[in-house]
Structures are given as C-alpha cells and as structure tokens.
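Residue numbers (my numbering), protein chains in the order written: chain A, 283 to 484; chain B, 283 to 484. Here a beta-carbon is modelled for each residue, glycine too, at the ideal position from N, C-alpha and C. Here the structure is a predicted model, which is why all the values come from computation and not from measurement. Below is one structure, written out as structure tokens; the observations come after it.
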DNA sequence: TTTTTTATTAATCATTTGTTTAATTCAGAT
DNA sequence: ATCTGAATTAAACAAATGATTAATAAAAAA
C-alpha cells in the first residue's frame, strides 16, 4: 500500500487547487487555504514548506494529469488524422467541462513563467507527433491545404479551449445557465472535427 | 481645451495599466505602480481614491477603447459578411499585436466579476448585429450550414484571440522570437477569414 | 509502559500592503 | 508681494499575509 498519504496533506492540496484555479496564485492567501480545508494554518508550511512550493506541486500535478491523457491521443499510430481530431476534441472538452477554470489558470500563471512549463515531460512533442506527420502527408498527397502545421495545431486548441475561457462573459451576455453552456460545448465535440477538416481540405 | 489632465495622473494610469496587464490586479501592488510611474505613493490615492477605483477606471477605458473600434465593424450594413470577417480579423489582430496581454487580462479579471463587463454600452449587441443577420440570411438561402450563430461568433474570436493567450507557451515550445510570433499572427489575418468561410460553407 | 517520533495547535514575528495624515512646496489669483 | 487652494512629499498606521515557534496531543517504536 502506498498509503503514504496524509489526510490533511490531501485536504490542503484540494483546497489549494480549488482556490488557485478560482483566484490565481496571488489572489489566494494561505489563510484562505487553511480555512477552506479546515486545517491549521501552520500545517500548510509543515507539509509544503511555503505557499509557492505548494503552488508548484499543484501546477505540476494538474498539468501533468491533463497532458498525459492527451499525448497518447495524437501519437497513436493506429488512428487516422480525422479520428485523432475527434478523440482529441472529445477528451479535451470532457476534461474541461469537469474543470472549466483549468485553461485560464494554466495560461495565466505560466504567462510570466513559461519555463517551468517546459519541465513537463510530455510537452515538447506535439509538433513532432503522429498527428503532424499525418497532416504533412495529407499536404504532400494534395488532400490538404499547405499551411504551417503550427496553425493547424493552434486552430484545434483555439476552437476547443477558448470558449471555456470566455464562458463567464458568454454566459452573462447570452443569459446562459451553466447547463446550457455545457450543452453548447457538448455540441462542439462533434462540430469542431468537421470544421477542422473543412478548414484544411482543398 | 479639455486639458483637464494632470501629468502625474496620466503617468499613474499608464504605469498601472502596464502592471495590471502583466501581473493582474492582485499581483500588482500600489508601491509597484508608484515606482513604475515615478510618483509618490500617496498620489495614487490622491487622484484615484483607492487601488480598486484605479483598476476599474483602467479596465473600463481599456475595454471601451477596444470594443468601440469593433462594434462599428460588425454593424456596418454596407459590407458583406465575408468583408466583415476580414476587417474584423485584421483589426483585432492588429490591436492585439499592439497589446498582446489584453485578452488574457480582460478575461481573467472579469472571470469572477463579469457583471461589471455588462455595464459596457457596446457589449450586448454582438448577437443582434448585422453580422449575425447576414449569417442567418445565408443559412436561409442554403449557402451556409445551419449552426447556432453563437458557435459562429465563438469560432471567429477563438481563432483570433486564443493564439495570443498562449503565446508565451507557444514561443517557448517552438523557440519562436517575438517577431516570428508576430509574423504568424500577421499570416492569420488572411488565413482566418478563409477558414471561417470554409467552415460555414456547405 | 515508556520513549521517541510525528502531527497539530495557538500564538507570535516580520514584512508587505493599502491607505491616511500632517507638513511642505508650488501655481495662480488678488 | 501676499494669499489661497491644489499638488507633492515623507512618515506613519492598521490590517493582512507568509512564515515560524514553542507547547501539546497523537501515534509509533522500544
């Protein structure tokens, strides 16, 4: 058993994640975290040394968990390009519905500190993945328009992720409930792959 | 002459904008602002009462300036749908190249407080704009696929804005210089309108 | 049980941070 | 030149915040 886990340690991490996602690093105080997790303030430093260390751990774990479920998708040699896009959309959207604040959190906190992101093992390979190889092949065959592959990747992520980042504004503007918004995102699981293919097809 | 302007007042606002964009509201201290603008700390409260008031002013002005240049675009009855998309892309991208931190800043700070956004006069009308009318007409005529217009709008903004929000990560991952990134965004001014049209055309 | 290590607590420290005050300088009006 | 109100400054205040300490409780090892 790797019950190397302490109940309080977990509680702190969960509370910290909730608050960091919602308020960001500098918007969250150690006392907020202590209160949210019902632990004594000193326990935070006892288990994690400092607010910053705690933050780093949460950022790493969050990011790792998110990325690792993805890498395999666009590196699977058994699926076609179109299948990859479908699976990618579906998974990303599902994951982000579960945690809608995640993209905004990650992009913001890494803004002034993107180097720490590079420490992730799964990061650098997207542009050298099977997905890109297949796209390039399609270009060579004359099926797809020739555009920098980076645009292709950006577009996929843009269409998937961005709506979540402006969901608070969207919901206010269009008077959407959380469920209506969720419904729209569910729709997009099927729509985006079509759009992407239409975009690149000649 | 409305030289109702005070040199120091301006200096404070400029410094505050720079810092708020870079570090966010809670990541910026009043002393940071004082130092950046070379004014005495007390002048901030003398002119703006509080850090929060100063922030509200900057958020409002920034947003207003940004939005007002856009509303006219998608409400112009003289341009076609495709022209609107082209102009929209071109302007948004130009503006965001000038101030790449703006989207991230706005979306983040409004995340927990989107109501203040609704106070903007130019906000609510996008979904009732000429752009949407023309899209709906196209659908009726059978030229365009029938999809919720909200998706159509989201897609445009996603493709335009999102790349800027992940530019720090993109640049690190792909080893891009600022100018190379800018080049990619310039390319997109022409690419996005094509993509959008391809996406909606039957 | 006794001892030793680990976990938890309340209190405290040292900075940081937003804001205010009281004194001083400056500019324009009289 | 003098007076008046606005602009500026250094200093200080009070609250918030990250972190530590010393004492206590709980758990594990002896």
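Residue i, enclosing alpha helix (DSSP H) - first and last residue
{"i": "residue 410 of chain B", "result": "No alpha helix (DSSP H) holds residue 410 of chain B; DSSP gives it neither H nor E."}
{"i": "residue 301 of chain A", "result": "289-305"}
{"i": "residue 318 of chain B", "result": "312-319"}
{"i": "residue 453 of chain A", "result": "449-456"}
{"i": "residue 345 of chain A", "result": "333-357"}
{"i": "residue 429 of chain A", "result": "Neither: residue 429 of chain A is in no alpha helix (DSSP H) and is coded neither H nor E."}
{"i": "residue 378 of chain B", "result": "363-380"}
{"i": "residue 389 of chain A", "result": "384-393"}
{"i": "residue 326 of chain B", "result": "323-330"}
{"i": "residue 401 of chain A", "result": "Here residue 401 of chain A belongs to no alpha helix (DSSP H), and DSSP marks it neither H nor E."}
{"i": "residue 464 of chain B", "result": "460-482"}
Proximal residues to residue i (C-beta, below 7 angstroms), its chain only, five neighbours per side dropped
{"i": "residue 434 of chain B", "result": "417 and 482"}
{"i": "residue 460 of chain B", "result": "none"}
{"i": "residue 442 of chain A", "result": "371, 374, 375 and 474"}
{"i": "residue 498 of chain A", "result": "The structure shown does not extend to residue 498 of chain A, since chain A spans only 283 to 484, so no value can be given for it."}
{"i": "residue 285 of chain A", "result": "Note that residue 285 of chain A has pLDDT 44, beneath the 50 cutoff, so the model's placement of it is unreliable and the number below is only indicative. Excluding sequence neighbours, residue 285 of chain A sits near nothing in its chain."}
{"i": "residue 471 of chain B", "result": "371, 372 and 375"}
{"i": "residue 359 of chain B", "result": "412"}
{"i": "residue 467 of chain B", "result": "375, 379 and 445"}
{"i": "residue 314 of chain B", "result": "301"}
{"i": "residue 355 of chain B", "result": "366, 369, 370 and 373"}
Chain B contact for residue i (CB, 8 angstroms cutoff)
{"i": "residue 284 of chain A", "result": "With a pLDDT of 33 at residue 284 of chain A, under the threshold of 50, the predicted position of this residue should be treated as unreliable, though the coordinate-derived value follows. No, residue 284 of chain A does not count as interfacial toward chain B."}
{"i": "residue 456 of chain A", "result": "yes"}
{"i": "residue 402 of chain A", "result": "no"}
{"i": "residue 559 of chain A", "result": "No answer is possible for residue 559 of chain A: it lies beyond the span of chain A, which begins at 283 and ends at 484."}
{"i": "residue 431 of chain A", "result": "no"}
{"i": "residue 480 of chain A", "result": "yes"}
{"i": "residue 447 of chain A", "result": "yes"}
{"i": "residue 397 of chain A", "result": "yes"}
{"i": "residue 436 of chain A", "result": "yes"}
{"i": "residue 389 of chain A", "result": "yes"}
{"i": "residue 499 of chain A", "result": "This structure does not reach residue 499 of chain A, given that chain A is present from 283 up to 484, and the question cannot be answered."}
Short CB-CB distance (under 8 angstroms) between residue i and chain A
{"i": "residue 239 of chain B", "result": "With chain B covering 283 to 484 only, the question about residue 239 of chain B has no answer from this structure."}
{"i": "residue 350 of chain B", "result": "no"}
{"i": "residue 443 of chain B", "result": "yes"}
{"i": "residue 471 of chain B", "result": "no"}
{"i": "residue 413 of chain B", "result": "no"}
{"i": "residue 371 of chain B", "result": "no"}
{"i": "residue 439 of chain B", "result": "yes"}
{"i": "residue 304 of chain B", "result": "yes"}
{"i": "residue 392 of chain B", "result": "yes"}
{"i": "residue 466 of chain B", "result": "yes"}
{"i": "residue 323 of chain B", "result": "no"}
{"i": "residue 300 of chain B", "result": "no"}
{"i": "residue 341 of chain B", "result": "no"}
{"i": "residue 233 of chain B", "result": "This structure leaves residue 233 of chain B out entirely; chain B is present only between 283 and 484."}
{"i": "residue 288 of chain B", "result": "no"}
{"i": "residue 386 of chain B", "result": "yes"}
{"i": "residue 296 of chain B", "result": "no"}
Sub-8 angstroms separation of residue i and residue j beta-carbons
{"i": "residue 390 of chain A", "j": "residue 306 of chain A", "result": "yes"}
{"i": "residue 304 of chain A", "j": "residue 394 of chain B", "result": "yes"}
{"i": "residue 438 of chain A", "j": "residue 369 of chain A", "result": "no"}
{"i": "residue 392 of chain B", "j": "residue 478 of chain A", "result": "no"}
{"i": "residue 346 of chain B", "j": "residue 402 of chain B", "result": "yes"}
{"i": "residue 300 of chain B", "j": "residue 318 of chain B", "result": "yes"}
{"i": "residue 333 of chain A", "j": "residue 312 of chain A", "result": "yes"}
{"i": "residue 377 of chain B", "j": "residue 399 of chain B", "result": "no"}
{"i": "residue 308 of chain A", "j": "residue 309 of chain B", "result": "yes"}
Own chain, CB closer than 8 angstroms to residue i, minus 5 neighbours either side, in chain order
{"i": "residue 431 of chain A", "result": "409, 414, 417 and 418"}
{"i": "residue 382 of chain A", "result": "446 and 449"}
{"i": "residue 484 of chain B", "result": "424, 425, 426 and 427"}
{"i": "residue 362 of chain A", "result": "416"}
{"i": "residue 456 of chain B", "result": "none"}
{"i": "residue 485 of chain A", "result": "This structure leaves residue 485 of chain A out entirely; chain A is present only between 283 and 484."}
{"i": "residue 364 of chain A", "result": "475 and 479"}
Contacts around residue i, its chain only, beta-carbon distance under 6 angstroms, and the 5 residues preceding and following it disregarded
{"i": "residue 453 of chain B", "result": "463"}
{"i": "residue 421 of chain B", "result": "428"}
{"i": "residue 330 of chain A", "result": "336"}
{"i": "residue 283 of chain B", "result": "Because residue 283 of chain B carries a pLDDT of 32, less than 50, the predicted location of this residue cannot be relied on, and the following value inherits that uncertainty. Here the set comprises nothing."}
Residue i CB to nearest heavy atom of the ligand ATP below 7 angstroms
{"i": "residue 459 of chain B", "result": "No copy of the ligand ATP occurs in the structure displayed, which carries no ligand at all."}
Quiz item: Three or more beta-carbon pairs under 8 angstroms between the stretch 445-454 of chain A and the stretch 381-390 of chain A, yes or no?
Solution: yes
Quiz prompt | Cβ pair count under 8 angstroms reaching 3, the stretch 291-302 of chain A against the stretch 337-356 of chain A | solution = yes
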